[in-house]
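K.L.:
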Amino acid sequence: MTELRLQKLPDRTPIKVTIALMPELHAALCDYAEVYRDTYGEAEPVSELIPQMLAAFVASDRGFAKARKNLPGSVQRHV
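Per my numbering, the sequence shown starts with residue 2, numbered consecutively.
1) Inspect the CB distances between the segment 64-78 and the segment 28-45 and report whether three or more fall short of 8 Å.
2) Nearest to Pro15 by CA position, among Lys9, Ala44 and Glu49, is which residue?
3) Secondary structure at Asp12, three-state DSSP: helix, strand or coil?
4) What residue from Tyr37, Lys70 and Arg69 has the CA that sits closest to Met54's CA?
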């Protein structure tokens with residue numbers, strides 16, 4: 002078998018998750034989307050911003066990253 006430097010790509014199939022938001026959080030997210038549009042000149046729906054916001058939050062949580070290393074069976078990949 003040929004050896005490639007690039008490993009096989011992981012599964013990238015999105016998983017749909019449904020959540021309920023408090024009205025105040027929903028309003029804040031809508032405001033964030035408006036500020037995003039004003040900043041970048043491109044409108045993005047809140048539903049497209051939330052996954053990126055969550056990924057940034059999880060990636061920046063050092064306590065979580067440290068604790069996650071000790072979880073049995075945890076899949077360590079970049080979000």
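Backbone N, C-alpha and C fix where the C-beta goes; we use that ideal spot for every residue, glycine too.
P.N.:
Once the coordinates are examined:
1) no
2) One-based indexing of the sequence shown puts residue 15 at position 14. Answer by Cα proximity: Glu49.
3) Locating residue 12 in the sequence shown gives position 11, where the first residue counts as 1. Coil at Asp12, not helix or strand.
4) By one-based count along the sequence shown, residue 54 stands at place 53. Looking only at Tyr37, Lys70 and Arg69, the smallest Cα-Cα distance to Met54 is reached by Tyr37.
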